Structure formats: C-alpha cells, structure tokens
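Comments concern the structure below.
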Amino acid sequence: MTPDLSVRLGPLTLRNPVMVASGCCGFGQELAEWMPLSALGAIVVKGTTLRPRRGNPPPRVWETPAGMLNAIGLQNDGVQDLIEHKLPWLREQDVPIIVNIAGETVGEFAELARVLDRAPGVAALELNVSCPNVRAGGMQFGVCTTGVAEVTSAAREATRLPIITKLSPNVTDIVEMARAAVDAGADALSLINTLLGMAIDPETRRPRLANITGGLSGPAVRPVAVRMVWQVARAVRVPIIGLGGISRAEHALEFIIAGASAVCIGTGLFADPRCPIAVVDGLRDYMERHGIERLGDLRGALEAAV
Amino acid sequence: MSEGAPRPGQDHYVAQVRTNIGVADGHRLLTLICPEVAQTAVPGQFLQIRVSVSGQDPLLRRPICVAAAREDEVDIVVRVAGRGTDLLARETPGAFVDLLGPLGRGFTRPGRHEPVALVGGGVGVAPLHFLLTSLADPSRVRVLLGARTRALLPRQPGLSGLEGLRIATDDGSEGHHGTAADLLAGVLETDPPHRVYACGPQPMLAAVARLCIQRRIVCEVSLEERMACGIGVCMGCAVPMAGGGYTRACREGPVYDARAVKWE
Ligand SMILES: Cc1cc2nc3c(=O)[nH]c(=O)nc-3n(C[C@H](O)[C@H](O)[C@H](O)COP(=O)(O)OP(=O)(O)OC[C@H]3O[C@@H](n4cnc5c(N)ncnc54)[C@H](O)[C@@H]3O)c2cc1C
Ligand SMILES: Cc1cc2nc3c(=O)[nH]c(=O)nc-3n(C[C@H](O)[C@H](O)[C@H](O)COP(=O)(O)O)c2cc1C
Ligand code: FES
Numbered sequence: 008m009t010p011d012l013s014v015r016l017g018p019l020t021l022r023n024p025v026m027v028a029s030g031c032c033g034f035g036q037e038l039a040e041w042m043p044l045s046a047l048g049a050i051v052v053k054g055t056t057l058r059p060r061r062g063n064p065p066p067r068v069w070e071t072p073a074g075m076l077n078a079i080g081l082q083n084d085g086v087q088d089l090i091e092h093k094l095p096w097l098r099e100q101d102v103p104i105i106v107n108i109a110g111e112t113v114g115e116f117a118e119l120a121r122v123l124d125r126a127p128g129v130a131a132l133e134l135n136v137s138c139p140n141v142r143a144g145g146m147q148f149g150v151c152t153t154g155v156a157e158v159t160s161a162a163r164e165a166t167r168l169p170i171i172t173k174l175s176p177n178v179t180d181i182v183e184m185a186r187a188a189v190d191a192g193a194d195a196l197s198l199i200n201t202l203l204g205m206a207i208d209p210e211t212r213r214p215r216l217a218n219i220t221g222g223l224s225g226p227a228v229r230p231v232a233v234r235m236v237w238q239v240a241r242a243v244r245v246p247i248i249g250l251g252g253i254s255r256a257e258h259a260l261e262f263i264i265a266g267a268s269a270v271c272i273g274t275g276l277f278a279d280p281r282c283p284i285a286v287v288d289g290l291r292d293y294m295e296r297h298g299i300e301r302l303g304d305l306r307g308a309l310e311a312a313v
Numbered sequence: 005m006s007e008g009a010p011r012p013g014q015d016h017y018v019a020q021v022r023t024n025i026g027v028a029d030g031h032r033l034l035t036l037i038c039p040e041v042a043q044t045a046v047p048g049q050f051l052q053i054r055v056s057v058s059g060q061d062p063l064l065r066r067p068i069c070v071a072a073a074r075e076d077e078v079d080i081v082v083r084v085a086g087r088g089t090d091l092l093a094r095e096t097p098g099a100f101v102d103l104l105g106p107l108g109r110g111f112t113r114p115g116r117h118e119p120v121a122l123v124g125g126g127v128g129v130a131p132l133h134f135l136l137t138s139l140a141d142p143s144r145v146r147v148l149l150g151a152r153t154r155a156l157l158p159r160q161p162g163l164s165g166l167e168g169l170r171i172a173t174d175d176g177s178e179g180h181h182g183t184a185a186d187l188l189a190g191v192l193e194t195d196p197p198h199r200v201y202a203c204g205p206q207p208m209l210a211a212v213a214r215l216c217i218q219r220r221i222v223c224e225v226s227l228e229e230r231m232a233c234g235i236g237v238c239m240g241c242a243v244p245m246a247g248g249g250y251t252r253a254c255r256e257g258p259v260y261d262a263r264a265v266k267w268e
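As you go down the protein sequences, you meet chains A and B in turn. Numbering of the first sequence is given in our numbering, commencing with residue 8 and proceeding in unit increments. Numbering of the second sequence is given in our numbering, commencing with residue 5 and proceeding in unit increments.
Laid out in structure tokens, this is it:
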C-alpha cells in the first residue's frame, strides 16, 4: 500500500497537506535554495499589499520561551511587483501558489483580489484579516465578526479564485469568526495567525520590539492553535488549514486529528528550512504504521468522549 | 546570483567540535570540522548554529561569524551573551554542532598591495581575523582592536605578535586608554589606509563610519542585527538604508559599505 497524501482544499487538490506559511518563506526564492518547492503541498507567499510597504523599524524579532515575537510590519514591494517580478519565477517551480493579501480598507482587499484574479499562476487567495483597519481606528478586521465578514465577502465578489480567510486567535470566540467567514463565502479557513504579545527589557524598561507589541509564534502557541482548529472543525463544513508551531510530523498529526485538512509550517522553517520534507516523510510513515490509506480518513479522527 | 540556486557551499551541516579553548573572559574559540564550509566561506560570512538538542527551545539558531578557515576546519569565537551562546560555548571536543552556512555577503577583498586597516571591537575581531589570514601580505595590515578591559580582549592565535597591531581598552588596562575608533582617528591623520574594515558594537561602527565617510575612505562594516531565520525568509533583520527603506542583514549584509547604511 502506498499511502495517499493528497488532500482537497475546497476546489484545490494538493499533492500533500504540508504547506509553508505566509511571512515565513518570503516569495519562495530563498527557501528554494534549501528544498525543492515542488515537495510542498503549496506555498503561501508573504503578505502582499496594494502599495509597497517599508515595514517597521528594528528590532523586529525577539525570541521567547519556545517561540518568538515578530513585528515585521508587512514589508513588501506591493502587488504589482509580485505580479511582474515574483510570480513568473514562482510559476516555474511546480507548486500551487497561494497569495496572502492585506488591505487597510475593505476596498483594498477587493482591489487586491481583483488584480490577482487576472494574474496567471495564482491558485488561491488567503486573506490576512489581522491587519489594522484604518477606518475603525486601527482595530483589526479579524477581531469582530462584521470585519471578517465584510473583508471575506468583498474579496469573494472580486474574484473567482478560491478564498481562504486566515483567522486571528486574538478573539474571545474563534468559532463566531469562523462562521462569519464561511457565511460570507470563504472556501477554506486558515488558523491561527500570531497571538498578540509583548516583552520588556527590565534593565532599560524598553520594549524588546521597536513596535512595542508583536505576534507570538512557534511551539509555544501550538496548544492554542490545536484547540482552535478542533473547535472550528466541529462548527463549520469548509476545509481548515491548521498552523502554529509545527515542525515535525507529530505536530502536523495533532492538527489533522483535530480536524485540519492541511497544515502550514511557519516559524519551524527558521530553525530548519528543510523540515517540510521531514514532515511529509513522517506523515507517510505514520500512515503506513497505522494502515491509513488516505490522509483524509484521519481528519477529525480524535478519540474523545465528547 | 541565480534565483533559487544555493550559494557556494551553502548547506546544512553537522560539524564535530575538534577543540574548545578560552581566548578571553567569557570568550571561547571552537574549532569545528567542516571541510565544505572551510573551503567555501568568505571572510565576513556567518553560520546559523543550533544551540538546543531539540531545536524547540531555544528555538532560533544563533548567528556566529567564521573566524578562520583551514583545510577541513573552521574556527568560531563565541562570546557568552545569554542562554544560547552559553550552551554553544560549553560544547566539548567530540560533540556535534548543527549549522547552516556559510551565509550572507562577506567583505570585498582588497587589492593585492592595497593598504588596509581592520578595526575590531571585542568579539567583532573574529571576522576580521579571517579576513587578515586570507590577505596576501598580512604583515602590512594595521589591526586596531578595542575592548572594555584587558581581560575581554580575545587572544586569537595569529593576532598576537603582529607588527601592525594596536590595542585600546576603555579602562586603559592595556594599550591606548580609549576606543578602537580613537586609534583609527590617529591612523587616518598620519598614514591613511585605502580601505577600512570594521566589526564590533554599534557605537564603535558608527564612529568608524563617520571618520571614514568624512575622509572619503572606503569602509565596510559588519552589522549585528537581530535575526530569526538568517536565510532571508522572515524580514526580521532589517537594516535602515541611507537611501530609505530596509535591507536584510542576513542577505544583503551582514557586511555593508558604510555609506549605504543610515546611521542614527
Ligand atoms: C551576523 C552576525 C554575526 C555574529 N557573530 C558573532 C560571533 O562571531 N561571535 C559571537 O560571540 N557573537 C556573534 N554575534 C552575536 C550573537 O549572535 C549573539 O550574541 C547571540 O545570538 C546571543 O544569543 P544568546 O542566546 O546567548 O543571548 P540572548 O540575549 O539570550 O538571545 C536572545 C535572542 O536575541 C538574539 N540576539 C541577542 N544578541 C544578539 C546580537 N548581538 N546580534 C544578533 N542577535 C542577537 C539571539 O539570537 C536570540 O534570538 C553575531 C551576530 C550576527 C547578527
Ligand atoms: C516573521 C513572521 C512574519 C509573518 N508574516 C505574516 C504575513 O505577512 N501574513 C500572515 O497572514 N501571517 C504572517 N505570519 C504568521 C504566520 O503565517 C503564522 O500564522 C504564525 O506564525 C503561526 O505559525 P507558526 O508558529 O508555524 O509560525 C508571520 C509570522 C512570522 C513569524
Ligand atoms: S533573519 Fe530572516 S530575513 Fe534575515
């Protein structure tokens, strides 16, 4: 028996469930120096905005127990540069390309979706609703159901591409956010984005990050992410991409058993840029050991008395 | 550099520790057996070294410069600055170290007989030592070293006894009472070199850059920005540029032309 690792993500079929996360693999070129991108289920490129963004001043990263804080500030060269200079190379790499988009207004999300709808080689759009909503005074779209719904439906109307809404964990009720996204037309959900955090240098009384607060990622957030995937998987019918602290097959399996169809590796790439290959191999081993023919059979297979 | 193609020698290696010796208070010189890196590394390039067995905590690798390269081995000088470097400094001969490298852009090689000065602060001497050993005629090079105090001056073999060596300590416990940048100011008055290479703490680099820019002397600095990935994928290591915007210390750096950097 050769285990079948392919998974369906709404209208997309991926050769395996292991993807690389937005903001942790650039636009693929540097990662390709370490592993063939064709070994991945998909690549989710760095958050792309309508216009270029310089990003935040340094320090932008700070290591925390089994994790890290980042405040990159969405540094990117804008969507036109993506289309003209990054997509042509990426299209040659034999990997589905998911573009993560970030707008400051609902209109910007719609415009990004419209522009990318015509760009060859884009397999899907992932909506980063964790960016500040300028109209709502900088409050994130992703922290209220109306914000999530407005962004998702605006993108939905602007493109025929599959829409993946990436949920922020910085909310009281993740299930509510997930329902809002699905009702607004999301084909799939990604969760989780980073947890808002902060660290201080007591000697100088200064924040460790120039931006003061930042997003927590890595192994430290994995239990939160697994719990949220489990809650959401029981509440909605669309496929879920689980992420947060994955760097080994065991971690990916937690998410799949909790109900994820696919997984993303973010911070794990920083410690080991080749870990996606090991995760794919580890999943195959696990399936052989447990006699599982199709990975989909394992999805949501949690044994629990609830 | 062609897109997606690995840079020369750049790979994931597990290197055995050959020796580990003290070179100053809290500074260890480790010799690692890694022929591929020894043969391909350029002075100024660095390695991303794993400091935990699990790779989960501490999670991130630590950027450390190559301090010397011989046939099958490379030297690194580790200053114990916190948990990660403490773990690395304790690695004993025979142990294995997991590393990525060589990474980043190194120093521009000077012309064969071009007069150069190397300005190092503390552990910043490490990449300069590698540069020195790669030069055709090291005896003609001015090496200006600074540290807070005598006990913190890294005694890297190959540096002592050098004719052009000058030392400065903040407390005057050895050499000039002051900084390595002071020494450079003196040299620029009497016998200016064509090129200056510098690595060390930010204030020292800023002072060196200012001196060289004023006198229109070519100056390259190696910057220590905080890093997460070290391989160009996270945008964590932003260095502000004189022309606006940021570049990545791990890709476009860590070595920069002093004029290209925006100094605070
Ligand atoms: C390109 C480059 C080359 C370097 N070369 C050397 C070298 O040859 N020898 C040497 O001893 N040190 C070198 N450093 C500094 C060294 O990487 C840090 O001292 C080390 O990362 C500190 O880790 P820690 O766990 O001991 O300290 P902690 O303070 O506990 O580290 C916490 C976090 O901050 C980061 N960090 C702390 N200080 C620095 C710093 N100065 N620069 C970048 N990140 C930092 C760590 O990587 C870690 O993620 C270099 C740094 C860079 C960027
Ligand atoms: C340095 C860094 C940059 C990130 N940039 C983005 C981004 O541009 N868009 C986005 O949706 N998520 C971004 N993220 C969040 C990750 O994609 C991911 O959701 C989160 O880090 C949790 O997964 P992990 O623990 O595997 O990293 C970023 C994370 C990190 C660490
Ligand atoms: S440290 Fe990640 S891009 Fe430089």
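Glycine included, every Cβ here is placed at the ideal spot set by N, Cα and C. Small disclaimer: the values here were computed from a predicted structure and weren't measured.
A:ALA78 places its beta carbon less than 8 Å from that of A:THR220. In the three-state DSSP reduction, A:ALA46 falls in the helix class (H, G or I). In chain order, ASN23, VAL25 place their CB closer than 6 Å to the CB of A:VAL287, counting only its own chain and leaving out the 5 sequence neighbours on each side. Your pair B:GLY126 and B:PRO205 checks out as a contact, with CB atoms roughly 7 Å apart and the cut at 8 Å. With a cutoff of 8 Å on beta-carbon distance, A:PHE277 and A:VAL270 are scored as not near each other.
Cβ-Cβ distances below 6 Å link A:CYS138 to ALA109 in the same chain, with the five nearest sequence neighbours on each side left out; the list follows chain order. Residue state for A:MET26 is assigned as strand, using DSSP reduced to three classes. The beta carbon of B:ILE217 is closer than 8 Å to those of CYS223, ALA262, ARG263 in its chain, skipping five residues each way along the sequence.
Restricted to the stretch 146-185 of chain A, the beta strand (DSSP E) segments that are unbroken, complete and at least 3 residues in length are 170-173, listed in chain order.
Annotation: Cβ neighbours of B:GLY240 in chain A (cutoff 8 Å, chain order): ARG67, VAL68, ASN77, ILE79. Cβ atoms of B:VAL21 and B:PRO97 come within 8 Å of each other, at about 5 Å. Of all residues in the stretch 86-98 of chain A, only TRP96 come within less than 7 Å of chain B when Cβ atoms are compared, listed by chain position. Remark: three or more beta-carbon pairs, one from each stretch, lie closer than 8 Å, so the stretch 44-62 of chain B and the stretch 225-238 of chain B are flagged as touching. The chain-ordered list of residues whose CB is nearer than 5 Å to some heavy atom of ligand 1 reads A:GLU70, B:PHE50, B:LEU64, B:ARG66, B:PRO67, B:ILE68, B:CYS69, B:VAL82, B:ARG83, B:ALA85, B:GLY86, B:ARG87, B:GLY88, B:THR89, B:VAL127, B:ALA130, B:GLU228, B:ARG230, B:PRO258. For A:VAL122, the enclosing alpha helix (DSSP H) covers residues 113-124. When DSSP states are grouped into helix, strand and coil, B:SER143 belongs to the helix group. When C-beta distances to chain B are compared with 8 Å, the residues of the stretch 11-35 of chain A below that value are GLY30, CYS31, CYS32, GLY33, GLY35, in chain order. Close CB contacts of A:SER175 within its chain, under the 8 Å cut and outside five residues either way in sequence, are with VAL136, SER137, GLN147, GLY149, VAL150, MET184, ILE199, ASN200 (chain order).
For the pair A:ARG281 and B:GLY150, the Cα-to-Cα distance works out to about 40 Å.
Contact with chain A is found for B:ILE235, since one of that chain's Cβ atoms lies less than 8 Å from the residue's Cβ. Note on the stretch 181-234 of chain A: whole alpha helix (DSSP H) runs with a minimum of 4 residues are 181-190, in chain order. By the Cβ test, the stretch 92-104 of chain A is in contact with the stretch 121-129 of chain A, since at least three Cβ pairs between them sit closer than 8 Å. Taking all protein chains in view, the Cβ of A:THR153 is surrounded by fewer than 16 other Cβ atoms within 10 Å, so the residue is classified as exposed.
For B:CYS69, the closest of B:ARG87, B:VAL101, B:GLY108 by C-alpha to C-alpha distance is B:GLY108.
Inside the stretch 27-91 of chain A, DSSP marks whole beta strand (DSSP E) runs of 3 or more residues at positions 49-55, 68-71, 74-77, from first to last along the chain. Taken through DSSP and simplified to helix, strand or coil, A:ILE263 comes out as helix. A:GLY252 and B:THR183 have their C-alpha atoms spaced approximately 44 Å apart.
Distance from the C-beta of A:MET75 to the nearest heavy atom of ligand 3 is not below 7 Å. Between B:LEU192 and the set B:LEU148, B:ASP61, B:ARG11, B:ASN24, the nearest pair of CA atoms involves B:LEU148.
Counting along the chain, B:THR137 sits inside no beta strand (DSSP E); it lies in the alpha helix (DSSP H) bounded by residues 129-137. DSSP, read as helix, strand or coil, puts A:CYS282 in helix. A:ALA131 is a Cβ neighbour of A:LEU168, given a cutoff of 8 Å.
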